[in-house]
Amino acid sequence: MVFGHDPDRDARHCEAVARAVETVAAGLEIVRPGMIVLPVAGPAAFAGSETALAEQLVDQVAALAGVESQVGIADGLFAATLAAKRGHLAPPGTSSFPCR
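For the sequence shown, the tail end lands on 293 under the numbering used here, and the numbers increase by one without skipping.
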């Protein structure tokens, strides 16, 4: 089923997802409905690894918000956005390059 554009519905769902994410990690930012970013170093250390953090986030969002989600971890917002579309965790230092 495909739903039409409904900003109010999208915002409601995003709020539920944000609340679920906040049970695992603090400091999140809602970029737009459907995209939440957060610094990962501290929460990943607390969870034991980036992989464990990603699993916790997906599990909490499913349990508390009732929706499926994907997590991407990478250096920088653009790379993390691409990583999230694939559910990919890029090792630190592998997803950005210096501009020369």
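In this text, a Cβ means the ideal position worked out from N, Cα and C, and glycines have one as well.
Three-state secondary structure (DSSP) of residue i
i	result
V214	helix
E248	helix
C292	Summary for C292: the model assigns pLDDT 49, below 50, so the residue's position carries little reliability; its value from the coordinates is reported in the next sentence. C292: coil per DSSP, three-state reduction.
V254	helix
E261	coil
L270	helix
Within 8 Å, strictly: CB atoms of residue i and residue j
i	j	result
L270	V217	no
V233	V224	no
V264	G280	yes
Limits of the unbroken alpha helix (DSSP H) element including residue i
i	result
F239	A234 to A240
Contact set for residue i: own chain, Cβ-Cβ below 6 Å, skip 5 residues either direction
i	result
E243	A237, I266 and L282
Start-to-end residues for the beta strand (DSSP E) that takes in residue i
i	result
R230	The sequence shown places Val at residue 230, rather than the Arg named in the question. Taken as a continuous stretch (DSSP letters only), the beta strand (DSSP E) holding V230 covers M228 to V230.
V224	E222 to R225
From the options, residue whose alpha carbon lies closest to that of residue i
i	options	result
D268	L257, T274, S288 and S262	S288
D201	G227, Q263 and L221	G227
Beta-carbon proximity list for residue i, same chain, < 8 Å, skipping 5 on both sides
i	result
L257	A209, R212, A213 and T216
S262	V210, L250, V251, V254 and A255
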